[in-house]
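What follows is a short report on a single structure.
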Amino acid sequence: MKLTLAVSARTDVGAVRAVNEDAVLARDPLFVVADGMGGHARGDLASSSAVQVMGERIPADSEVTANDVLDAIAAANDAVRALSTEGDSGVAVAGTTLAGVVAVNGSDNGSRYWMIVNIGDSRVYSWDGARLTQLSVDHSAVQELLDAGLISAAEAGGHPERNVITRALGAADDVDVDVWMLPAGGEQTFLICSDGLSKELSDDDIAALLRENPHDERLADVLTDAAIAAGGRDNVTALVVSSWPTSGEAEQDTVERLEHRRYLEDTRPRV
Numbered sequence: 642m643k644l645t646l647a648v649s650a651r652t653d654v655g656a657v658r659a660v661n662e663d664a665v666l667a668r669d670p671l672f673v674v675a676d677g678m679g680g681h682a683r684g685d686l687a688s689s690s691a692v693q694v695m696g697e698r699i700p701a702d703s704e705v706t707a708n709d710v711l712d713a714i715a716a717a718n719d720a721v722r723a724l725s726t727e728g729d730s731g732v733a734v735a736g737t738t739l740a741g742v743v744a745v746n747g748s749d750n751g752s753r754y755w756m757i758v759n760i761g762d763s764r765v766y767s768w769d770g771a772r773l774t775q776l777s778v779d780h781s782a783v784q785e786l787l788d789a790g791l792i793s794a795a796e797a798g799g800h801p802e803r804n805v806i807t808r809a810l811g812a813a814d815d816v817d818v819d820v821w822m823l824p825a826g827g828e829q830t831f832l833i834c835s836d837g838l839s840k841e842l843s844d845d846d847i848a849a850l851l852r853e854n855p856h857d858e859r860l861a862d863v864l865t866d867a868a869i870a871a872g873g874r875d876n877v878t879a880l881v882v883s884s885w886p887t888s889g890e891a892e893q894d895t896v897e898r899l900e901h902r903r904y905l906e907d908t909r910p911r912v
């Protein structure tokens, strides 16, 4: 199955920071956002190196499998690890989040899937025109407290450990990445963003902007500008990817859309 894509992407330093430690790569079949770890060595180089290596391993317009994507992530992890430096105070570890979607071939002939990947607290959402659903699960101290029932969702936003992440590219020799596979079919829209967007705008805020600007080719700009207007205390990156079959049968698209919606309901993050 061939997919037609509409893509909108923007990364911005925000209203407070002096350096943009976010990086984005958006071209078929690879759409990823990386957020370098603030306060760690070379956060901007970590994020840019991660997406650069991913892009080298997954060239534009290439056909790849899920294993190809995992190999690319492992190579990106090695590249970020190589940026770590050792000084008088110990090792300064370079690290970055990585989140995104990749169009991959299935094991059966002609099938296509969206492979969702996540390491850290950058996010992947799906949007069906009415409902925003977070597909990824944050790898953060606050998410672990939420999962354990020790804090409420209302308390999470102001928690003192809200910026502490528990997984990152570059943190260890072997990278532990979360993966979800969604069949490609019907109309599908994904939002990939750094926490500079999701911490300034609630899910309801994001959904309202998506609903009010359904066909705006500058949608990433709309989301980024809103996050900056809300405070912009961190770097902000937004990447919106919409897809639909280039040539497909309406009946099959309808079936796939229903299957896709049921899958989303089964894979919501733990909140």
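Quick note: the sequence shown uses the numbering used here, first residue 642, plus one each step. No residue lacks a Cβ here, since even glycine has one placed at the ideal position from N, Cα and C. All values derive from a computational prediction rather than experimental measurement.
Which residues mark the beginning and the end of the beta strand (DSSP E) in which residue 664 is found? 663–668
Put residue 708 into one of helix, strand or coil per three-state DSSP. helix
Bridge partners - residue 651, DSSP secondary structure assignment: 879
Beta-carbon gap between residue 664 and residue 675 smaller than 8 Å: yes
Run through DSSP, which three-state label would residue 806 get? strand
Could you tell me if residue 875 is buried or exposed, where buried requires 16 or more neighbouring beta carbons within 10 angstroms of its beta carbon? buried
Alpha-carbon to alpha-carbon, residue 686 and residue 723: 11 Å
Pick from 714, 677 and 643: whose alpha carbon is nearest that of residue 754? 643
Closest to residue 715 by CA distance: which of 814, 693 and 742 is it? 814
Is it true that the CB of residue 697 sits closer than 8 Å to the CB of residue 677? no
Taking 8 Å as the threshold (C-beta atoms), are residue 690 and residue 721 in contact? yes
Beta-carbon separation (whole angstroms), residue 880 vs residue 867, contact threshold 8 Å: Between residue 867 and residue 880 the Cβ distance is about 15 Å, and since that is not below 8 Å, they are no contact.
Nearest residue (CA-CA) to residue 735, options 684, 855 and 848: 684
Spatial neighbours of residue 900 in its chain, beta-carbon cut-off 8 Å, leaving aside the 5 residues before and after: Here residue 900 scores only 37 on pLDDT, less than 50, and its place in the model should not be relied on; the value that follows carries that caveat. So the qualifying residues of the chain are 824 and 826.
Test item: CB-CB of residue 667 and residue 694 under 8 Å: no
How about residue 837 and residue 805: are their beta carbons less than 8 Å apart? no
Helix, strand or coil, according to DSSP, for residue 757 in the structure here? strand
Nearest chain C C-beta to residue 849 closer than 8 Å, yes or no? The structure shown contains no chain C; it is built from a single protein chain.
Can you tell me which of the three DSSP states residue 832 falls into? strand
DSSP-derived helix/strand/coil call for residue 816: coil
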